[in-house]
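The numbering of the sequence shown is the numbering used here, which starts it at 748 and goes up by one. Below is one structure, written out as structure tokens, with a few remarks after it.
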Amino acid sequence: MKKKRGAHRPRLPERPFLTGTWSFPFSPGVRGRTLLLALLAFVAGVLVRESLRLMASADGRLSFLGAMFTVLTVFALVTWFALAGACALAVVGDTANGCDRIVRWPTAVFLDWIGETLVVATGVGISVAALVVLAWVSRQAGSQSDGGVPVGFFFLFPVVLLSLLENGALFDVVSLPLLRTFWVAPGGWGRFYLSTALLLLAAATIVVLAAPTPGGGQLWGITAIAVVSVMSSLVWLIYFRLLGRLAWFCADRTAAVEDAAELKAERDAGAGPEPDADEG
């Protein structure tokens, strides 16, 4: 029996970049991960603060203690990124497959998912490296501004990460099917970038309000660290939820275009050449 077009393809929400995205960190099954990521970020932030405070001391013993805190800080940051990276891939993968609830969350057996963190780390590394090289070339040409690096990362990272996931291999960052979606589903990319820009702008505004006054030499207080920790957790989960919705949107539009092309080909083949009129 011939397979029906669009079968087994989950239906995309009418507002894919709004419905179930901004409230995602507070949804059932996600709240615990949101809190855990915020808690790990808070611990890392406190360790950074104490490391800086102790390292700035003139007392040699306190400076040595600050070095020990630095080691703990690195461990805390690596732990946070490992768990956050695994959560990010779970959110992107399940969301792209049309799942409303995430089922591939990292478990307590970290050996089962620790390797997935390399995908996110590779995506970040390749994006940063490419932009740093571009900035270096720009400086050699006489430009004095490096402001394009963070802006470029904002646009490049989702392309690189989705390409890695599409190809299923590290360092394979060129995916022709993904690049094709810029023509097939430009509206999805536009709405994704607009949504993430608003997300980062809102988070940056809150962080600036919570941060101490610049230039005062004042370390961040516990309240400011807590605010940044919560915001980092929320932004992280919402961002990758939006990225998963983008992948779903692009797959939906690509499938629709392919179905339309297949249907047109079948109609053209069914019509066939018109018979010649009898002469005489």
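Ideal Cβ placement from N, Cα and C applies to all residues, glycine included. Remember, predicted model here, so these are calculated numbers, not experimental data.
In the three-state scheme derived from DSSP, where H, G and I count as helix and E and B as strand, G872 is classed as helix. Under the three-state reduction of DSSP output, A888 falls in the coil class, being neither helix nor strand. Put simply, of A1003, Y986, A998 and S976 the residue whose alpha carbon is nearest the alpha carbon of L782 is S976. Less than 7 Å separates the beta-carbon of R992 from that of P763.
Inter-residue distance for R808 and Y940 is about 49 Å (C-alpha atoms, whole angstroms). Each residue's CA atom was taken as its position, placing G870 and K1011 some 38 Å apart.
Between the beta-carbon of F904 and that of S874 there is about 4 Å, and that keeps the pair under the 8 Å contact cut. Rounded to whole angstroms, the separation of the alpha carbons of S774 and G767 is 9 Å. In the structure shown, E863 falls within a helical segment according to DSSP collapsed to helix, strand and coil.
By the C-beta criterion, the region 898-915 is judged to be in contact with the region 980-995, since at least 3 inter-stretch pairs fall below 8 Å. Under the three-pair Cβ rule at 8 Å, the region 947-959 does not count as touching the region 809-822. Counting the other Cβ atoms within 10 Å of the Cβ of R938 gives 16 or more, which makes it buried. Closest in alpha carbon position to V982, among E1013, F771 and L765, is F771. Between F987 and A835, the CB-CB gap stays under 7 Å. Its chain contains T768, W769, F771, P772 and L946 as the residues whose beta carbon lies nearer than 8 Å to that of I985, once the 5 sequence neighbours on both sides are disregarded; these appear in chain order. In this chain, the alpha helix (DSSP H) harbouring L782 covers R778 to M802. Put simply, the backbone Cα of L865 is about 8 Å away from that of G832.
Judged by beta-carbon spacing, L824 lies beyond the 7 Å limit of G813, meaning their Cβ atoms are not closer than that value.
Between V907 and V920, the alpha-carbon positions lie close to 6 Å from each other. In the three-state reduction of the DSSP assignment, C834 falls in the helix class, which pools H, G and I. The Cβ atoms of R1000 and A932 sit closer than 7 Å to each other. Between L878 and V896, the gap from beta carbon to beta carbon is short of 7 Å. The three-state reading of DSSP puts V818 in helix, counting H, G and I together. When the five nearest sequence neighbours on each side are left out, the beta carbons in the same chain lying within less than 6 Å of the beta carbon of G935 are those of L993, F996 and C997, in order along the chain. The C-beta distance from I972 to G792 rounds to 4 Å, short enough to fall under 8 Å. Closest in alpha carbon position to P853, among A876, W827 and G845, is W827. L989 has its alpha-carbon roughly 14 Å from the corresponding atom of E761.
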